[in-house]
Amino acid sequence: MSSPVPARPASTVLLLRDGRQGLEVFMVVRHHQIDFASGALVFPGGRVEASDLVLAGGDAHGAFRIAAIRETWEECGVLLAAPGAAPAAEGAFAAMLAARSLRPDLDALAHFAHWITPVAVPKRFDTHFFLAAAPADQDAVHDGGEAVDSVWIRPRDALAEAEAGTKKIVFPTRMNLNKLARSNSVAEAFAAARARPVVTVQPIQRDAPEGRYLRIPIEADYDGAEFLAGDPPSM
């Protein structure tokens, strides 16, 4: 039996705001030609880069937070930063911060979830999910490259569209939308995330005649331990 493909470190951002009808999250539509989650409605995010670890001062978990902030800037045009000096690092993001005398605002994030792609999947990610409140003076927009469209949407509305088949939403995204939907405001979502321990989720697959089931730890607090997945467990 061959060894599992290593899971690549990645970060995902649930950018939040208080809408007229309740909590909203910013989501983007992936370009159909991208090999991972093509055409899906997803949270912005991407791989952790070497420069993220440098900006984090060598702290491995801090690098996930830096990546989350960088991806929010690159994919949404929203900058989560504060006055101050950041460690010198390569890359356009680090150069932009240095030019503006800014540092990544790690306190702007709340750790929300941690998912690792199942071992049988050929393309795997080790992904940390973070909450961030959208700054009132910045507008989130998709980048027009990897993301071809974007929307502010209530979590339950996104889930309803997936159920109706009008939007493609992969399993981890659906699960985290469902957890997010318990909160009615940005403040409530942050309070819940900071009060709840993050339990690592690495789904275990079980195929049955009616479809593929994914088992996750009950301690992860997703209202269950086994779910019928409508799509492969890509992340």
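Be aware that the sequence shown starts at 1, since it is given in the UniProt record's numbering, and climbs by one per residue. Quick reminder that beta carbons are idealized off the backbone N, C-alpha and C, glycines included. Model, not experiment: these values are computed from the prediction.
For residue j and residue i, the rounded distance between their alpha carbons
| i | j | result |
| --- | --- | --- |
| residue 29 | residue 170 | 12 angstroms |
| residue 52 | residue 210 | 43 angstroms |
| residue 130 | residue 139 | 19 angstroms |
| residue 110 | residue 164 | 31 angstroms |
| residue 160 | residue 8 | 30 angstroms |
| residue 183 | residue 194 | 13 angstroms |
Nearest-angstrom Cβ-Cβ length linking residue i and residue j, presumed shorter than 8 angstroms
| i | j | result |
| --- | --- | --- |
| residue 82 | residue 48 | Not confirmed; about 21 angstroms, so no contact. |
| residue 15 | residue 134 | 5 angstroms |
| residue 132 | residue 158 | Wrong, their Cβ atoms sit about 17 angstroms apart, outside the cutoff. |
| residue 26 | residue 115 | Not confirmed; about 19 angstroms, so no contact. |
Residue from the options whose Cα sits closest to the Cα of residue i
| i | options | result |
| --- | --- | --- |
| residue 71 | 151, 12, 172 | 12 |
| residue 156 | 24, 6, 20 | 24 |
Any non-hydrogen atom of the ligand ZN within 6 angstroms of residue i CB
| i | result |
| --- | --- |
| residue 58 | By its list of ligands, the structure shown contains no ligand whatsoever, and the ligand ZN lies outside what it can speak to. |
Neighbourhood of residue i by C-beta, 6 angstroms cutoff - its chain only, sequence neighbours within 5 removed
| i | result |
| --- | --- |
| residue 56 | 62, 63, 66 |
| residue 97 | 86 |
Extent of the continuous alpha helix (DSSP H) to which residue i belongs
| i | result |
| --- | --- |
| residue 134 | Run containing residue 134: none; DSSP gives neither H nor E here. |
| residue 52 | 50–55 |
| residue 186 | 186–195 |
| residue 157 | 155–164 |
| residue 69 | 60–76 |
Spatial neighbours of residue i in its chain, beta-carbon cut-off 8 angstroms, leaving aside the 5 residues before and after
| i | result |
| --- | --- |
| residue 218 | 224, 225 |
Beta-carbon contacts of residue i that lie in its chain and below 7 angstroms, excluding the five residues immediately before and after
| i | result |
| --- | --- |
| residue 119 | 4 |
Delimiting residues of the beta strand (DSSP E) encompassing residue i
| i | result |
| --- | --- |
| residue 226 | 226–229 |
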